[in-house]
Amino acid sequence: MSALQILQEALASAFASPIKTAFTVVALLGAYLILSIVNVYRRAYHKYACLQDMPGRPQWPIIGSIINIPLDPLKREESFNKLAREYGHHGVLQFWNGPIPGVEVLAPDTIRAVLSAAREHHAKGYFYRLLEPWLGGGLLLLDGDEYRIHRQWISRSFHVDFLRTSFLEVMLEKTDLLVERITKHIKDSGEPFDAFQWLSETSMNIICQTSMGLNLQTETISSQAKYKEALEFTKNMFYARAFNVLMHSDTIFHYSKLGREFRGHLATIRSFSNELIQKRRKLLEEGKVEVVLGSAFSMPSDLDSDAGATGHGADNFGLAGPSSPRRRHRMTLLDSLLMEQKRCADPATRDPGETPLTDEQLRVHVDTFIFAGHDTIATFAAWALYCAAKYPEATEPLLRELDAFWQELGSSDPDGTGTGRSPTMAELNELRELDMFIKEVMRLYPSAPQISRIISRDIELRGHHVPAGTSCNIQVWALHRNPTYWPNPLKFDPTRFSPENSAGRDPFAFIPFSAGVRSCVGRKFAELEQRVLVARLLHQFRFKMAPGREHVVGQPRLALSPIGGIHVLAFPREPGSPAVQ
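See below:
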């Protein structure tokens, strides 16, 4: 009997009945799946075999290094402490997420090699692709020349002239509303409250008003309430996908309940944003926006020499004229992007290589700003209150500085109702103790605990060859707790950042806003909001951890979230009163 006849008989037997047919199909599919997985592992092993010579944490067959990530979120902070303590001196470690190779980057020199590398090292890591349905085309996900051009547009929108006027005014207003809310809560009950939740709401209000002129506190407008709900769902959707391996599949996600709900909320966001774009464009064209130009748009020939911060000067893309009345609306991020759109649409003012900015790109950029800027600021501010409550002795120098600062401004009343003037951006930036306190909070609790980059060409890290396509996971949290660079790393000590203690420190030992060509484009905005929140809240109130909730553990997500929130008691604070009572 020939081999062909044997094969024909075997096939006939395998499909002789429905049960045998089903069994055969399942067996064939299973064999195909197994062979595919084996092939993935084989190809990955051969391409990245050079990583085997690199030090690394313990590995298990099939699943690789992920055995080192505790399933219990409460144990993950200690796992980062262990990573810093036991492996930080290596600078770079191999890490296998199943068949997917990667390296953990832990030291200033290896981080510099990745973040300061050539421009082609821009690509974000694997998990960022889960944001593609929402933020695809935004700055967070762009690469190459397209990223460079769009970053220039966004950078103009964060010009210092916007920060020190429109944006600062919003930050001060929203922070004062939070002060009023806490003051009322103290009078009404004085019970513990979740500072993270309250600060998250304040941060969202600041982000939405500075980015789009949208006041989310106007809950009587149903469309705004729906937009806020959609934003919260869509933001949390990313985390739901990231921590569910099945949801990494776009197909499974598309047909899942989560995917269906996401598409509904995404439609709400897009509809609302598109309507708002048209509204802000009309306000600009009618000259009803308080345009802040300065040098942000590099048009000295178009500006009247007497034009001030309110934009009363020559024609600005047809948006304002010298005889225009004072604008009724503050400048927003969206407004500045609309002005960029108009500039790019004109070949005479468009830079080489630029293309016209579409409304869809405008929407995605604003959505990206809201997504990236909301959680990071809220988590920082919550950890700042946590540190102030946990380590009052270390906060004492800051309180003395803040008391003198607000007293000089004439705004030192305990209830926040002083008649003095508001601080300027320059004055806030001059507060040395405030700067040291903020930096120490970000060292212990960096808002972005991990940064991921996929390198596009081969590089060397401490003598180890790392091939193109490798995911480099920069462990910021472990870096900031590495005893090699931070003696007694778990101690909260703002004096680490005094000028004398900072002298000679490698700048890549402290990277709360990342570094290199993909550093945080909104850094100045974030730093200003940090200063406003801390300077006002710690001056107005004394915070104490709620009984039974004295210790809070962080969970590394896109932002370093406090598990269970940060529950505190707040007490009115008299200027000059000590931190420890």
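Here our numbering runs 17 ahead of the position in the sequence shown, where the first position is 1. The beta-carbon is built from N, C-alpha and C at its ideal position, and this holds for glycine as well.
How many angstroms separate the CA atom of D363 from the CA atom of A485? The sequence position of residue 363 within the sequence shown is 346, counting from 1. The sequence position of residue 485 within the sequence shown is 468, counting from 1. Rounded to whole angstroms, D363 to A485 spans 40 Å at the Cα level.
Looking at the unbroken beta strand (DSSP E) that takes in F588, where does it start and where does it end? Counting from one through the sequence shown, the residue named residue 588 turns up at place 571. 584 to 589 is the span of the beta strand (DSSP E), which, as asked, contains F588.
Is it buried or exposed for H556, if we count other Cβ within 10 angstroms and need 16 for buried? As a working note, residue 556 is residue 539 in the sequence shown. Counting Cβ neighbours within 10 Å, H556 comes out buried, since at least 16 surround it.
Does C537 come out as helix, strand or coil in the three-state DSSP assignment? Taking the first residue of the sequence shown as position 1, residue 537 is located at position 520. DSSP, reduced to helix, strand and coil, places C537 outside both helices and strands of the structure shown, so it counts as coil.
Flag this pair as yes or no: are the beta carbons of E457 and F514 separated by less than 9 Å? As a first step, residue 457 is located in the sequence shown; it is residue number 440 there, counting from the start. As a first step, residue 514 is located in the sequence shown; it is residue number 497 there, counting from the start. Yes. Within cutoff.
On the CB-based measure, 16 or more other CB atoms within 10 Å of its CB, does Q467 come out buried or exposed? Numbered from 1 along the sequence shown, position 450 holds the residue referred to as residue 467. By the 10 Å Cβ count, Q467 comes out buried.
Can you name, in chain order, every residue of its own chain whose Cβ lies under 6 Å from the Cβ of S217, other than the five neighbours on each side? Numbered from its first residue, the sequence shown carries residue 217 at position 200. Counting only Cβ-Cβ distances below 6 Å, and skipping sequence neighbours, we find A395.
Check whether the Cβ atoms of R347 and E186 sit closer than 9 Å, and answer yes or no. The count along the sequence shown starts at 1 and reaches residue 347 at position 330. The count along the sequence shown starts at 1 and reaches residue 186 at position 169. A contact, by the Cβ cut-off of 9 Å.
Between E95 and the ligand MG, is the CB less than 8 Å from at least one heavy atom? This structure simply doesn't include the ligand MG, nor any ligand for that matter.
N- and C-terminal bounds of the beta strand (DSSP E) containing N114: Position 97 of the sequence shown, counting from 1, holds the residue named residue 114. Taken as a continuous stretch (DSSP letters only), the beta strand (DSSP E) holding N114 covers 109 to 114.
Nearest-angstrom Cα distance between A324 and R297? Within the sequence shown, numbered from 1, the residue matching residue 324 stands at position 307. Within the sequence shown, numbered from 1, the residue matching residue 297 stands at position 280. Any answer about A324 is weak, because its pLDDT of 30 lies below 50 and its placement is not dependable; what the coordinates show is given next. Cα to Cα, the separation comes out at about 22 Å.
E450 versus E246 - alpha carbon distance: Locating residue 450 in the sequence shown gives position 433, counting from the first residue. Locating residue 246 in the sequence shown gives position 229, counting from the first residue. Going from the Cα of E450 to the Cα of E246 covers about 38 Å.
Local conformation of D510 per DSSP, three classes: By 1-based counting over the sequence shown, the position of residue 510 is 493. Coil.
Measuring only the C-alpha atoms, how far is F558 from F454? Within the sequence shown, residue 558 is the residue found at index 541, counting from 1. Within the sequence shown, residue 454 is the residue found at index 437, counting from 1. Using only the alpha carbons, I get a separation of about 16 Å.
Whole angstroms are fine: how far does the CA of E544 sit from the CA of P592? For this step, residue 592 is matched to residue 575 along the sequence shown. For this step, residue 544 is matched to residue 527 along the sequence shown. Approximately 25 Å between the Cα atoms of the pair.
For the alpha helix (DSSP H) containing G276, name the first residue and the last one. Locating residue 276 in the sequence shown gives position 259, where the first residue counts as 1. Counting along the chain, the alpha helix (DSSP H) containing G276 begins and ends at 274 to 302.
Assign V306 to one of three DSSP states: helix, strand, or coil. For this step, residue 306 is matched to residue 289 along the sequence shown. Here V306 sits in strand by DSSP.
Nearest residue (CA-CA) to T285, options L248, M442, L415: Stepping through the sequence shown from its first residue, residue 285 is reached at position 268. Measuring from the Cα of T285, the nearest candidate turns out to be L248.
Quick one: using the 10 Å Cβ neighbour count with 16 as the cut-off for buried, is G281 buried or exposed? Position 264 of the sequence shown, counting from 1, holds the residue named residue 281. Per the 10 Å Cβ criterion, exposed.
Suppose you measure from the CA of Y502 to the CA of W215; what does that come to, to the nearest Å? Locating residue 502 in the sequence shown gives position 485, counting from the first residue. Locating residue 215 in the sequence shown gives position 198, counting from the first residue. Rounded to the nearest angstrom, the two C-alpha atoms are 34 Å apart.
Touching by the beta-carbon criterion (3+ pairs, under 8 Å), the stretch 570 to 582 and the stretch 386 to 400: A contact is defined here as three or more CB-CB pairs under 8 Å, and the stretch 570 to 582 meets this definition with respect to the stretch 386 to 400.
Using DSSP's beta-bridge definition, name the partner residues of V381. Against the sequence shown, residue 381 aligns to sequence position 364. Per DSSP, none; premise fails for V381.
With respect to the beta strand (DSSP E) encompassing I476, which residues constitute its N-terminal and C-terminal limits? Taking the first residue of the sequence shown as position 1, residue 476 is located at position 459. Element bounds for I476: 476 to 478.
Would a C-beta distance cut-off of 9 Å place G105 and L123 closer than the cut-off? Here residue 105 refers to the residue found at position 88 of the sequence shown. Here residue 123 refers to the residue found at position 106 of the sequence shown. Yes, Cβ-Cβ distance for G105 and L123 is below 9 Å.
Which whole runs of the alpha helix (DSSP H) in the stretch 417 to 462 are 4 residues long or more, in chain order? 442 to 446, 449 to 461
With DSSP collapsed to three states, give me the class of L45. Along the sequence shown, one-based indexing puts residue 45 at 28. The answer is helix: DSSP assigns L45 an H, G or I state.
As assigned by DSSP and simplified to three states, the class of D392: Counted from its first residue, the sequence shown places residue 392 at position 375. In this structure, D392 counts as helix in the three-state DSSP scheme.
CB I171 to CB K191, shorter than 9 Å? Along the sequence shown, one-based indexing puts residue 171 at 154. Along the sequence shown, one-based indexing puts residue 191 at 174. No, Cβ-Cβ distance for I171 and K191 is not below 9 Å.
8 Å contact criterion, which L152 and V381 should meet: CB distance rounded: Residue mapping note: residue 152 aligns to position 135 of the sequence shown, counting from 1. Residue mapping note: residue 381 aligns to position 364 of the sequence shown, counting from 1. Rounded, the Cβ-Cβ distance is 6 Å, consistent with contact.
The alpha helix (DSSP H) with L354 in it runs from where to where? To locate residue 354, count along the sequence shown from 1; it is residue 337. Here the alpha helix (DSSP H) through L354 covers 350 to 362.
Beta carbon of I83 nearer than 9 Å to that of G115: Residue mapping note: residue 83 aligns to position 66 of the sequence shown, counting from 1. Residue mapping note: residue 115 aligns to position 98 of the sequence shown, counting from 1. The answer is yes: Cβ separation under 9 Å.
Alpha-carbon to alpha-carbon, E95 and T127: The count along the sequence shown starts at 1 and reaches residue 127 at position 110. The count along the sequence shown starts at 1 and reaches residue 95 at position 78. If I take the Cα positions, the gap works out to 23 Å.
C-alpha gap between N446 and F560, whole angstroms: Within the sequence shown, numbered from 1, the residue matching residue 446 stands at position 429. Within the sequence shown, numbered from 1, the residue matching residue 560 stands at position 543. Here the alpha carbon of N446 sits roughly 24 Å from the alpha carbon of F560.
Can the beta-carbon of S353 be found less than 9 Å from the beta-carbon of F179? Position 336 of the sequence shown holds residue 353. Position 162 of the sequence shown holds residue 179. Cβ distance < 9 Å, so S353 and F179 count as in contact.
Pick helix, strand or coil for V187, following the three-state DSSP scheme. Along the sequence shown, one-based indexing puts residue 187 at 170. Three-state DSSP puts V187 in a helix.
Under the three-state reduction of DSSP, which class applies to R498: helix, strand or coil? Start at 1 with the first residue of the sequence shown, and residue 498 comes out as number 481. Reduced to three states, the DSSP call for R498 is coil.
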